[in-house]
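Residue numbers (UniProt numbering): 1 to 116. Even glycine gets a Cβ: it sits at the ideal position worked out from N, Cα and C. Every value quoted in this text rests on a predicted model; they were computed, and no experiment measured them.
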């Protein structure tokens, strides 16, 4: 048996609003739309991971999602332009990442990070 994929499912009463957030901030592409569920993808192969945490690091809340990007400053600019409040950071962490926390329109806590 091999795990082929792990999908994060986020409760979103307004799937259009949620979709607009993730496409605008993270350049994700809508790859499936059944109305009640929309699936977004970065269009590339990614490592399948599940993190189990007692805290989010640096004594922060455990985030619901972690999204690793290749240009944290570009995402931070989009976040600021959209008027999205930062929940934490941006900061360099001793374990080798630069990151910040934001919330999506549903309140999902997102850890946006870039490895140094």
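- prompt: What are the boundary residues of the beta strand (DSSP E) that includes residue 69?
  reply: That residue, residue 69, is in no beta strand (DSSP E); it is neither H nor E in DSSP.
- request: Check the Cβ-Cβ distances between residue 53 and every residue of chain C, and say whether any is below 9 Å.
  value: Annotation note: the requested chain C is absent from the structure, which comprises a single protein chain.
C-beta atoms of residue 4 and residue 18 nearer than 9 Å: No, these two residues do not count as a Cβ contact at 9 Å.
- request: Starting from the C-beta of residue 31, find all residues in its chain whose C-beta is less than 6 Å away, skip the five residues before and the five after it, and write them out in chain order.
  value: 39, 41
message: Assuming contact is defined by CB atoms lying nearer than 9 Å, are residue 85 and residue 102 in contact in what I supplied?
response: yes
field: Where residue 102 sits in the DSSP three-state scheme
entry: strand
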